[in-house]
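Before any comments, here is the structure.
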Amino acid sequence: MDANIVLIPGDGIGPEIIAEAQRVLEVVATRFGHSFNFTSCPLGGNAIDNFGTALPDETLEACGNSDSILLGAVGGPKWDDPNAKVRPEQGLLKLRKELALFANLRPLKMYSALAEASPLKPEYIEGVDILFFRELTGGIYFGESKRETLDDGSERAVNEMVYTTSEIERIVRLAGEAARKRRGKLTSVDKANVLEVSRLWRSVAQSVVDADFSDLNYDVVLVDAMAMHLINRAKDFDVVVTGNMFGDILTDEGSMLPGSLGLLPSASLGESGPGLYEPIHGSAPDIAGQGIANPLATVLASAMMLDHSLGLTDEARALEEVVENVLNAGHRTADIADGGETLSTVEMGQKVIDGLNG
Ligand code: IPM
Ligand code: MG
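If you read the sequence shown in the working numbering, its first letter stands for residue 11, the second for the next number, and so on.
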């Protein structure tokens with residue numbers, strides 16, 4: 011197949027890990043007889059520096075016309091001033107919204123070779139395999155916001171949290187379909203004991219399940235309880251669906267179970283059109299430019315891209331298997347090092363390439 015892939019290296023370690031993912035994808039293309047055409051676009055802090063905006067029009071246009079988008083990471087201390095007019099994160103949020111990427115899939119899978127890297131005891135992480143569906147274009151992230159000065163000179167700020175029936179229905183439906191292909195368990199997470207938005211979420215989710223997913227083992231969990239369950243009984247969960255901010259927080263918490271953020275990919279999908287694939291980790295400015303970042307989360311995000319946007323399921327599975335083999339063989343970047351020799355970003359990318367060619 012021929013595919014047009016937009017690469018967004020972004021900030022910090024972004025360019026280093028995207029370079030490795032590109033090398034890996036080129037080998038996938040050669041080995042499986044495809045042709046991938048790559049275009050690199052600015053987004054985030056680098057775009058602010060060079061174009062005065064976090065999401066240049068050209069980037070949005072190239073993304074909209076592509077088959078899929080692979081993003082490194084955006085942001086960094088240089089652009090962190092809370093009072094700044096433009097912030098790198100705005101670029102990412104706008105890209106998600108403009109491309110209507112409402113479903114953020116974040117798989118949480120344990121690698122037995124890395125059990126040591128987890129801060130939890132092995133019995134808590136063994137067998138954990140969760141797929142989060144985080145709603146990505148609604149909720150408190152995109153509600154009206156305002157900030158005003160009161161008569162006494164103090165300030166007041168407001169962020170509205172909004173969900174509509176259709177926004178809830180479509181994400182629950184996707185999550186339900188995924189659960190059906192996995193272990194048949196779906197959990198919806200909300201805060202219905204306090205928030206009106208969550209009460210709507212809960213009743214809409216229940217209607218969708220009653221109408222179309224009565225074959226699933228369905229339950230609801232409050233978000234604060236979910237934060238606990240992720241630590242003490244994560245293996246009980248299969249597919250978890252939740253709103254934008256709860257999903258943001260729970261997936262960062264969950265990412266600690268395997269012990270390193272450096273291994274977790276994510277996919278942001280819409281009803282149609284290109285998907286956006288990225289590692290869950292950020293731009294890691296503390297190690298940027300040193301060539302030591304772990305490229306595997308981005309490589310795994312590339313595998314999700316092959317699967318979901320390009321329909322190349324065999325290629326995706328092959329790539330995931332190679333990553334697992336590389337870890338089983340004991341190869342480690344610094345973030346998951348176990349005292350032995352550590353590989354650079356490029357060396358780790360090369361291990362994956364060798365595995366694909368081997
Ligand atoms: C994420 C990130 C983003 C978010 C930031 C960078 C805007 O934390 O993708 O989880 O909050 O959605
Ligand atoms: Mg986050």
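Idealized CB from N, CA, C, for every residue including glycine.
Residue i: CB within 6 angstroms of a non-hydrogen atom of the ligand MG
i, result
"D258", "yes"
Contact under 7 angstroms by Cβ, residue i with residue j
i, j, result
"Y173", "W211", "yes"
"V218", "Y228", "no"
"L146", "G101", "no"
"R144", "G257", "yes"
"P284", "A311", "no"
"S76", "V34", "no"
"G194", "M171", "no"
"R342", "T355", "no"
"A185", "V96", "no"
"G280", "L103", "no"
"G149", "N254", "yes"
"G22", "A113", "no"
"E179", "V214", "yes"
"A29", "C51", "no"
"R337", "A123", "It should be pointed out that residue 337 corresponds to Leu in this sequence rather than to Arg. Yes."
"S319", "S45", "no"
Exposure of residue i, with buried meaning 16 or more beta-carbon neighbours within 10 Å
i, result
"I246", "It is Asp, not Ile, that sits at residue 246 in the sequence shown. Flag for D246 reads exposed."
"L132", "It is worth fixing the name first, because residue 132 is Pro in this sequence and not Leu. Looking at its Cβ environment, which holds fewer than 16 other Cβ atoms inside 10 Å, P132 is exposed."
"R166", "exposed"
"N304", "buried"
"A339", "exposed"
"R183", "buried"
"E331", "exposed"
"M11", "exposed"
"K361", "buried"
"G24", "buried"
Through-space distance from residue j to residue i, alpha-carbon basis
i, j, result
"L130", "P268", "9 angstroms"
"G54", "D225", "43 angstroms"
"D200", "G292", "26 angstroms"
"L322", "L316", "5 angstroms"
"D139", "D248", "6 angstroms"
"A127", "L271", "11 angstroms"
"N203", "V230", "12 angstroms"
"A328", "G43", "14 angstroms"
"V309", "D162", "53 angstroms"
"D67", "G299", "28 angstroms"
"D345", "A307", "12 angstroms"
"Y134", "R209", "31 angstroms"
"R41", "E158", "58 angstroms"
"A221", "S176", "15 angstroms"
"H239", "L273", "22 angstroms"
Proximity test, residue i beta-carbon vs the ligand IPM heavy atom, cut-off 6 angstroms
i, result
"E99", "yes"
Chain D within 7 angstroms of residue i, Cβ atoms only
i, result
"M358", "No chain D is present in this structure, which holds just one protein chain."
Quick one: complete alpha helix (DSSP H) runs, 4+ long, within the region 219-252? List check, alpha helix (DSSP H) in window: 233-242.
Length at least 4, wholly inside the region 79-115: the alpha helix (DSSP H) runs in chain order: Counting whole runs of 4 or more residues, the region 79-115 contains the alpha helix (DSSP H) stretches 98-108.
Curious, which full-length alpha helix (DSSP H) runs of at least 4 residues does the region 281-344 contain? Secondary structure in the region 281-344: the alpha helix (DSSP H) runs of 4 residues or longer, each lying completely within the stretch, are 306-318 and 323-338 in chain order.
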